[in-house]
Amino acid sequence: MIEDILLQEFGFIDIQYQDIRDGGGTSVFKVQFDGLDYVLRIRGEEPNPIVNNFRSLRHLTSLDIAPKAIRCNQWDNVYYSIETFLPGEHQPVSDQ
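First residue of the sequence shown? That's 49 in the working numbering, and the numbers climb one at a time after it.
Set out below in structure tokens:
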């Protein structure tokens with residue numbers, strides 16, 4: 049399924065990814081493509097962007113990156129979001 053989603057979004061699957069977390073109904077993967085890091089989150093219901101999900105952000109604090117949602121979509125019967133990251137600390141949307 050991961051390869052299918054990456055193929056749908058990026059056009060090919062020559063992309064490296066690693067499992068960050070699986071639990072609570074959400075699977076989270078770090079995806080590396082063209083020198084950039086992305087996070088792919090897959091779940092059974094439509095996800096909110098990770099920038100507003102502080103439980104998910106807690107798993108990423110050691111990476112010193114801030115999330116920016118770029119794509120939310122559906123594949124088969126699951127929802128997913130792909131988010132990119134900018135260097136630096138996360139600021140809640142209300143603080144921007």
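All C-beta atoms in this analysis are idealised placements derived from N, C-alpha and C, irrespective of residue type, glycine included.
- Contact between residue 68 and residue 79 is ruled out by a C-beta separation of about 10 Å, above the 8 Å threshold.
- For residue 125, the closest alpha carbon among the candidates 91, 84, 119, 132 is that of 91.
- Our two residues, residue 53 and residue 64, have alpha carbons roughly 13 Å apart in a direct line.
- A Cβ-Cβ separation of about 6 Å places residue 132 in contact with residue 84 under the 8 Å criterion.
- In the DSSP assignment, residue 122 is bridged to 127.
- Excluding five sequence positions before and after residue 123, the CB atoms of its chain that fall closer than 6 Å to its own CB belong to 53, given in chain order.
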